[in-house]
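Residue numbers (the numbering used here): 125 to 222.
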(Lines of atoms letter the chains of each structure in order from A and count residues from 1; the text may use other names and numbers.)
(Lines give C-alpha, C1' and ligand atoms only; values in the text may rest on other atoms or scores of the structure.)
Protein backbone atom coordinates (compact mmCIF):
# COMPACT_ATOMS: atom_id res chain seq x y z
CA UNK A 1 0.00 0.00 0.00
CA UNK A 2 1.43 3.35 -1.05
CA UNK A 3 1.82 6.03 1.60
CA UNK A 4 0.49 9.41 0.60
CA UNK A 5 1.99 12.67 1.77
CA UNK A 6 0.20 15.99 2.04
CA UNK A 7 1.71 19.31 2.92
CA UNK A 8 0.37 22.46 4.50
CA UNK A 9 2.65 25.35 3.65
CA UNK A 10 3.09 29.06 4.19
CA UNK A 11 4.68 31.34 1.61
CA UNK A 12 5.97 34.82 2.30
CA UNK A 13 5.07 36.96 -0.69
CA UNK A 14 7.17 39.80 -2.10
CA UNK A 15 4.78 42.36 -0.57
CA UNK A 16 5.25 40.85 2.91
CA UNK A 17 1.89 39.04 3.06
CA UNK A 18 1.52 35.35 3.78
CA UNK A 19 -0.21 32.72 1.68
CA UNK A 20 -1.26 29.39 3.21
CA UNK A 21 -2.04 26.35 1.08
CA UNK A 22 -2.23 22.56 0.97
CA UNK A 23 -0.82 20.18 -1.67
CA UNK A 24 0.29 16.61 -2.25
CA UNK A 25 3.45 17.76 -4.08
CA UNK A 26 5.22 20.64 -2.36
CA UNK A 27 8.01 21.03 -4.90
CA UNK A 28 5.61 21.19 -7.86
CA UNK A 29 3.20 23.55 -6.11
CA UNK A 30 5.97 25.92 -5.06
CA UNK A 31 7.23 25.98 -8.65
CA UNK A 32 3.71 26.81 -9.85
CA UNK A 33 3.53 29.74 -7.43
CA UNK A 34 6.96 31.01 -8.51
CA UNK A 35 6.30 30.73 -12.23
CA UNK A 36 2.91 32.43 -12.05
CA UNK A 37 1.08 29.71 -13.98
CA UNK A 38 -2.28 30.84 -12.61
CA UNK A 39 -2.77 34.54 -13.33
CA UNK A 40 -5.79 34.66 -11.00
CA UNK A 41 -3.85 33.24 -8.03
CA UNK A 42 -3.25 35.38 -4.93
CA UNK A 43 0.50 34.95 -5.35
CA UNK A 44 0.62 35.91 -9.05
CA UNK A 45 1.24 39.64 -8.51
CA UNK A 46 3.13 39.04 -5.28
CA UNK A 47 6.08 37.10 -6.69
CA UNK A 48 8.70 36.07 -5.94
CA UNK A 49 7.50 34.00 -3.02
CA UNK A 50 9.54 32.26 -0.34
CA UNK A 51 8.61 28.99 1.36
CA UNK A 52 8.85 29.80 5.08
CA UNK A 53 6.99 26.89 6.69
CA UNK A 54 5.58 23.48 5.88
CA UNK A 55 4.19 20.51 7.78
CA UNK A 56 3.68 17.02 6.40
CA UNK A 57 0.60 14.86 6.94
CA UNK A 58 -0.32 11.34 5.89
CA UNK A 59 -4.06 12.13 5.93
CA UNK A 60 -5.57 14.72 3.56
CA UNK A 61 -8.40 15.53 5.98
CA UNK A 62 -5.92 16.45 8.73
CA UNK A 63 -3.93 18.55 6.26
CA UNK A 64 -7.02 20.47 5.13
CA UNK A 65 -8.08 20.96 8.75
CA UNK A 66 -4.64 22.42 9.60
CA UNK A 67 -4.70 24.68 6.53
CA UNK A 68 -8.08 26.10 7.57
CA UNK A 69 -6.80 26.62 11.11
CA UNK A 70 -3.66 28.46 9.96
CA UNK A 71 -5.63 30.69 7.61
CA UNK A 72 -7.55 32.01 10.63
CA UNK A 73 -4.40 32.81 12.60
CA UNK A 74 -3.15 36.34 13.10
CA UNK A 75 0.02 37.51 11.40
CA UNK A 76 1.82 37.49 14.77
CA UNK A 77 0.83 33.89 15.42
CA UNK A 78 1.93 32.78 11.93
CA UNK A 79 5.28 34.51 12.45
CA UNK A 80 5.78 32.76 15.80
CA UNK A 81 5.16 29.42 14.06
CA UNK A 82 7.49 30.30 11.17
CA UNK A 83 10.24 31.40 13.57
CA UNK A 84 9.84 28.28 15.72
CA UNK A 85 8.75 30.30 18.76
CA UNK A 86 6.21 27.69 19.79
CA UNK A 87 6.03 28.97 23.37
CA UNK A 88 4.37 32.15 22.06
CA UNK A 89 1.56 30.33 20.25
CA UNK A 90 -0.45 29.74 23.42
CA UNK A 91 -0.12 33.36 24.53
CA UNK A 92 -1.06 34.67 21.09
CA UNK A 93 -4.12 32.41 21.11
CA UNK A 94 -5.64 34.03 24.17
CA UNK A 95 -8.59 36.29 23.46
CA UNK A 96 -8.09 39.92 24.30
CA UNK A 97 -11.09 41.86 25.52
CA UNK A 98 -11.31 45.64 25.77
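Glycine residues also receive a C-beta, built at the ideal position from the N, C-alpha and C atoms. These figures come from a predicted structure and were not determined experimentally.
- Secondary structure note for residue 136: its beta strand (DSSP E) is the uninterrupted segment 130-136.
- The Cβ atoms of residue 166 and residue 143 sit closer than 9 Å to each other.
- The DSSP assignment places 142-147, 174-181 as complete runs of the beta strand (DSSP E) inside the region 142-218, in order along the chain (cut-off: 3 residues).
- In terms of CA proximity to residue 137, 154 leads the group 197, 127, 154.
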